[in-house]
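Residue numbers (the working numbering): 519 to 673. Structure, as structure tokens:
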């Protein structure tokens with residue numbers, strides 16, 4: 519058993535790690551999960567992303583459940599850095615006035631994910647669609663440069 523206070527370990531100074539490290543021992547130490555003051559990762563929403571490549575394009579699929587498409591922004595900086603950003607908002611306070619939450623597990627907050635794209639993509643032709651909580655981005659590739667043959671005259 520560790521006799522050193524957890525506050526002396528630098529990794530536990532981050533709330534996410536404190537929660538993660540506590541979870542496996544909760545059943546042993548009988549922590550009441552409904553006790554006030556305990557937060558389980560609220561405010562740390564990070565969308566899950568799948569990226570696939572074919573001969574003609576790169577596709578990005580990002581899971582954004584509970585997010586309106588007006589709250590999502592897609593940008594390409596410096597020609598090859600794709601950034602998906604936005605915010606997953608909580609329910610409005612007026613809807614929660616009659617609720618006394620016993621547990622909150624859903625994550626909320628702002629998010630941003632950035633990915634470096636290969637130089638072979640045509641960033642100006644990106645298409646995006648948002649359906650059933652999934653953002654689908656298609657990034658076409660540029661036509662490969664065809665080798666030119668120049669005939670040199672001999673003098």
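In this text, a Cβ means the ideal position worked out from N, Cα and C, and glycines have one as well. In this text, all values refer to a predicted model and were calculated from it rather than measured experimentally.
Query	Result
Bridge partners - residue 601, DSSP secondary structure assignment	593, 632
CB contact flag (residue 600, residue 592, <9 Å)	yes
Continuous beta strand (DSSP E) stretch holding residue 646: start and end	645 to 649
C-beta atoms of residue 635 and residue 590 nearer than 9 Å	no
Distance between residue 577 and residue 568 (C-alpha atoms, nearest Å)	8 Å
For residue 654 and residue 596, the rounded distance between their alpha carbons	21 Å
Straight-line Cα distance separating residue 650 from residue 588	14 Å
Residue 644 classed as buried or exposed, judged by whether at least 16 other C-beta atoms fall within 10 angstroms	buried
Distance between residue 633 and residue 573 (C-alpha atoms, nearest Å)	19 Å
Where the beta strand (DSSP E) containing residue 653 begins and where it ends	652 to 658
Option nearest residue 647 by Cα separation, candidates 562, 586, 563, 566	586
Alpha-carbon to alpha-carbon, residue 570 and residue 670	43 Å
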